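For the sequence shown, position 45 matches number 45 in UniProt numbering, and the numbering has no gaps at all. What follows is a single structure, written as structure tokens, with notes after it.
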Amino acid sequence: MIVAAISSKSRIGDVEFNLSTTMDWIKSFDAQGVDFILFPELNLSGYIRDIEILKTVLKEKEDVFTSLLEISKSTNLAFAVGFPEQEGEKYFITHFVFEGGKIIGKHRKTHVSITEKEVYSEGDEINVFPVKDMRLGIQICYETHFPEISAIQAQKGANVLAMAFASPKETCQDKIERFKRYIPARAYDNACFAMICNQVTTNDRGTVFPCASLIIDPKGKVMSESFVEENEFAMAEIDISEIKRIKESKMAFFNAHKRTDWLRENFKS
């Protein structure tokens, strides 16, 4: 199956622009026979840290999701997009998975950064979703720095780790090199494919979010990458059966021999 991770441009609070950009990507990749697209963190709203802008954007959620459900129904691919979510007095950074005209899953960011805590709460669930031929585990930006999350998702049956970012600063080259220093280990240790994409924007403080997209195979090798200044993507054809071969090898999938109880007893946060 063919997957793509898109470092798409977003504008803070400009839902119309962000939705139009997202819809254009979906139509383009559907025509190319892509099976699944990963979009960046909060790509539909922009990376919002202002509570008043957030409240305004949330008023547009119904119209946005109506459009996404319609295009999901009329295309053959699945896609995961980022949009904030409200429950009671709490706000969450959430990624939603669409397929066949339905929302088939969502993931609330379980670890938010220190600055995000001024606005957002943390989710408490780690789920894995059946999407096409995959079992998808979603992680949002800051979460990827905690290897336990990848391990839990793999333990729950994930074979693709979809990692959506809105990570600022650095050049495009520096950003992708930093991703390469730790994300291949998540893929290798857990025998999973990994997809990574960063939101491309300049926020209201003038901070630049650079382009960086990656797809990594279960052996930790880069299959596709992109780090140009404009909208760009990584795309690859992945073979899920490759994971079965790795897990059946006695000397390739080391997590099968992990002393989980012993590690739990000795681990201190």
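We put the CB at the ideal spot given by N, CA and C, even for glycine. As the structure is a prediction and not an experimental result, all values here were calculated from the model.
task = Determine the burial state of Gly-137: buried for a count of at least 16 other Cβ atoms within 10 Å of its Cβ, exposed for fewer.
result = buried
query = Going by beta carbon distance, what residues of the same chain come within less than 6 Å of Glu-237, once the five residues before and after it are set aside?
reply = Ile-2
query = Taking just the CA atoms, how far does Glu-52 sit from residue 288?
reply = The structure shown has nothing for residue 288, since the chain only spans 1 to 269.
task = State the beta-bridge partners of Lys-82 as determined by DSSP.
result = Note that residue 82 is Gly in the sequence shown here, rather than Lys. Looking at the DSSP assignment, Gly-82 forms a beta bridge with His-95.
inquiry  = Buried or exposed, going by whether 16 or more other CB atoms sit within 10 Å of the CB of Tyr-182?
reply    = exposed
query = Roughly how many whole angstroms lie between the Cα atoms of Val-64 and Ala-4?
reply = 22 Å
request  = Check whether the stretch 52-61 touches the stretch 212-223, taking contact to mean three or more Cβ pairs, one atom from each stretch, closer than 8 Å.
outcome  = no
task = Return the CA-CA distance between Ile-196 and Phe-98, expressed in angstroms with no decimal places.
result = 18 Å
query = With C-beta atoms as the reference, is Leu-69 less than 8 Å away from Gly-101?
reply = yes
query = Among residues of its own chain, excluding the 5 on either side of Ala-151, which ones have a beta-carbon nearer than 8 Å to its beta-carbon?
reply = Asp-189, Asn-190, Asn-255
task = Measure the alpha-carbon distance for Ser-7 versus Lys-132 and round it to whole angstroms.
result = 22 Å
message = Considering Cα atoms alone, identify which of Thr-201, Phe-193, Ser-28 is closest to Ile-240.
response = Phe-193
inquiry  = Quick check: the Cα distance between Pro-218 and Lys-258, rounded to an integer number of angstroms?
reply    = 18 Å
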